[in-house]
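First residue of the sequence shown? That's 1 in the UniProt record's numbering, and the numbers climb one at a time after it.
C-beta: ideal position from N, C-alpha, C; glycine also.
Have a look at the structure below before the remarks.
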Amino acid sequence: MLKNIRKNRFWLLKALETYSLAFFFIVKRSAGVFDWDHSPLAALDDPPFIFMLAVVGTIALVFALWDIKHLYYKQIMTATLTFVWLAFFLSFCANDALRGVYLSFPGIYSFFVLIGIVIELRWE
1 MLKNIRKNRF WLLKALETYS LAFFFIVKRS AGVFDWDHSP LAALDDPPFI
51 FMLAVVGTIA LVFALWDIKH LYYKQIMTAT LTFVWLAFFL SFCANDALRG
101 VYLSFPGIYS FFVLIGIVIE LRWE
């Protein structure tokens with residue numbers, strides 16, 4: 001398993017970053033601090049979407065730990081990671097545009113995670 005972790009450390013980090021995004025929304029919801037009343041993030045911070053983040057993070061974590069090579073697992077994992085991070089990046093950008101902010105920290109964070117995934121896919 002350690003050999004797989006060394007080989008797939010990039011995907012392990014992406015799984016942890018996906019878990020951190022879910023944790024971010026859980027903390028925001030628990031604290032009751034909502035600065036996105038009428039934006040796409042108002043729907044994306046609901047429990048089903050947080051559960052979806054956890055599922056996608058778990059899919060990436062399973063690949064990083066066990067290096068599954070059948071049933072197109074890697075393609076499914078990268079597609080779900082890219083979809084999730086693109087959806088949240090666009091939602092953060094729409095929220096920032098509605099609030100009149102250039103780009104907030106979550107938007108910048110999701111942008112760099114998304115760009116990292118795309119660059120890794122191009123170099124493999």
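Take F25, set aside five residues on each side of it, and the residues of its chain with a beta-carbon closer than 7 angstroms to its own are D45, I50, in chain order.
Rounded to the nearest angstrom, the gap between the Cα atoms of A42 and R9 is 33 angstroms.
Sequence-distant partners of V56 (beyond 5 residues in either direction) whose C-beta falls short of 7 angstroms from its own C-beta, in its chain, are T18, T80, L81, V84. Under the DSSP assignment, S104 falls outside any alpha helix (DSSP H); it carries neither an H nor an E label. Residue burial is scored here from C-beta neighbours: S30 has fewer than 16 other C-beta atoms within 10 angstroms and is therefore classed as exposed. Around the beta-carbon of M77, 16 or more other beta-carbon atoms lie within 10 Å, marking it buried.
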